[in-house]
Amino acid sequence: MQQAKHIGKIVVTQNPSVAQDPVQPVQIRPDVTYLISGGLGGLGLLVADWLIQQGAKHLVLISRRSPTPQVNIKVQAWERSDVQIRIVQADIAETHIMQQILSDVEATMPPLRGVIHAAGILNDGTLRQLTAEQMTAVLCPKIAGAWNLHTLVQQPLDFFVLFSSATALLGSPGQANHVAANTFLDALSNYRRAIGKPAVSINWGIWSEIGSAADRLEQMNLKGIGTIAPHQGIEIFAQLLQQNAPQVGVMPMQWSTFLAQGITDPFFADFAHTKVAPSTLTPVFLQQLQATAREKQRSLLEQHIRHQIAQVLGCQATEIDAQKGFFDLGMDSLTSVELKNRLQNSLNCSLSATLIFDYPTLEALLDYLAIQLINELNRPESDQSPLTEVTPDNSLDELTQDELADLLAQELNEIAQGAKQ
């Protein structure tokens, strides 16, 4: 063809790659097992909690560390909810140990259907100063651990998630070992998809409260790289399980600040004058609510609201009295704004800035949201209006988070003064 020696026309065809096939929707099931490496770390525990909230009943948490008293309390709370938690203290990079662990799981637990590789450590140093020990310490958990999971888990899986890092996309001075390890995860994900196996590698930015990089927040903020709040990160994680991309970078960016550092890599040229379009993805919980029978929707909505309140207040969902005022439970102006934002994001609707004052108990808030959401979701499609129109009052929504928190704090003071009088 290059030498034009062919006769007639040439038609080039290409068989669709298996990696291009539409991904099947992932459903978290109570009758299967999910495995998390790095399962006792901050991210591992966060994902484990999310899986349980979605209905998972059998988890294997692998970690080189032993559980702390705080972790034991969390695990005991899960187990009281009829969840089987198996904690395995082991080095995931050791092949023979992983063979034994997986054989034991296969023999004694429901079938393994999901793997999340969140193991990893940091051991920084400039490239000239990195020792073989530092390289090995960082590479082994990520690379050898991922390869063991790839080669040893032969069961058909619903998902295979690799927790990579944004450093593999952006680079990071002093972290050549970390960058190399995460670049391998990205390549492995693409390889698995090319051979017809499920995989997604997530290049996470820095999480604001958890994760091995949380102590670098100030340095990254100066570069224009923001942080991922845990509730935002877990919502994104849930969305990515339903997507078809083998690799996704997730990081809040101030591109003007980032590019002002004199970065010349042509890869970033497209971001210089680009505004990110708002997401059109339907939040995972709203998808679940839509798929639930109407007679069960109110109960599911109550569970969701309870969980959001519990996350804000740092308590168990079962401890929340539905008829007790939020501020009597310990909520303040900042946490009331956080709860409003959590509900607004997860329900894909615009809510009043004074939502928590207007509906100050779980019972009142549930009644309001049930009327607004459930009725809307069950209308004939031709009669439905966008969920963003259910709010009764958006007059305060142009305030910043700090301004709104100050205003709510004033309201709280006035309430307190009135109670004293």
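Each residue of the sequence shown is one higher than the one before, counting from 111 in this note's numbering. Ideal Cβ placement from N, Cα and C applies to all residues, glycine included. If you're wondering where the values come from, they're calculated on a predicted model, not measured in any experiment.
Query                                                                                                                 : Result
Segment contact, 8 Å Cβ cut-off, at least three pairs: the region 278-288 with the region 301-308                     : no
Proximity below 8 Å, CB of V360 to CB of N313                                                                         : yes
DSSP state of Y144 mapped onto helix, strand, coil                                                                    : strand
Residues bridged to L171 [DSSP beta-bridge criterion]                                                                 : I146, I197
CB-CB length for L487 against Q400, believed under 8 Å                                                                : 6 Å
Backbone CA spacing between L155 and G149 [nearest angstrom]                                                          : 6 Å
8 Å CB neighbourhood of N125 in its chain, flanking five on each side removed                                         : The pLDDT assigned to N125 is 49, lower than 50, so where the model puts this residue is not dependable; a value taken from the coordinates is nonetheless given after this. Contacts found: none.
Among P356, V263, L267, S191, the one whose alpha carbon lies nearest that of I138                                    : L267
CA-to-CA distance, I338 to T445, given in whole angstroms                                                             : 17 Å
Classification of T143 by the beta-carbon crowding that lies within 10 angstroms, buried from 16 upward               : buried
Residue nearest to E448 in terms of C-alpha spacing, selected from M363, G424, T241                                   : G424
Distance CB(V260)-CB(L298) smaller than 8 Å                                                                           : Note on residue identity: the sequence assigns His, not Val, to residue 260. Taking 8 Å as the Cβ cut-off, H260 and L298 qualify as a contacting pair.
Per-residue DSSP class, three states only, for L461                                                                   : coil
Range covered by the beta strand (DSSP E) that runs through N66                                                       : Limits of the chain in this structure are 111 at one end and 531 at the other, which puts residue 66 out of reach.
Any alpha helix (DSSP H) of 4 or more consecutive residues that is wholly inside the region 376-460                   : 394-401, 404-423, 443-457
8 Å contact criterion, which D201 and K167 should meet: CB distance rounded                                           : Rounded, the Cβ-Cβ distance is 27 Å, inconsistent with contact.
L262 and Q199 closer than 8 Å at C-beta                                                                               : no
Residue range of the unbroken beta strand (DSSP E) whose run includes Q357                                            : 357-360
Neighbourhood of L169 by C-beta, 6 Å cutoff - its chain only, sequence neighbours within 5 removed                    : Y144, A158, I195
4-residue-minimum alpha helix (DSSP H) runs that sit fully inside the region 191-252, ordered along the chain         : 205-218, 242-249
Nearest neighbour of G152, chosen from K184, F381, Q482 [CA to CA]                                                    : K184
Where E189 falls, given that 16 or more other Cβ within 10 Å makes a residue buried                                   : exposed
Three-way DSSP call (helix, strand, coil) for V136 in this model                                                      : coil
Euclidean distance between Cα positions of D234 and L240                                                              : 8 Å
Residue closest to G306, alpha-carbon to alpha-carbon, out of N451, L280, P356                                        : P356
Per-residue DSSP class, three states only, for L272                                                                   : strand
Close-in-space but distant-in-sequence residues of the same chain around I253 (CB under 6 Å, 5 per side omitted)      : A291, F294
Backbone secondary structure at Q285 - three-state DSSP                                                               : strand
DSSP three-state assignment for T178, whether helix, strand or coil                                                   : coil
Neighbourhood of E204 by C-beta distance below 7 Å, restricted to the same chain and skipping five residues each side : none
Terminal residues of the alpha helix (DSSP H) in which V157 lies                                                      : 152-163
Reduced DSSP category for I338 - H, G, I as helix; E, B as strand; rest coil                                          : strand
Rounded C-alpha distance that separates L161 from M363                                                                : 28 Å
Beta carbon of L396 nearer than 8 Å to that of L479                                                                   : no
Run of the alpha helix (DSSP H) containing G255, from where it starts to where it stops                               : 255-262
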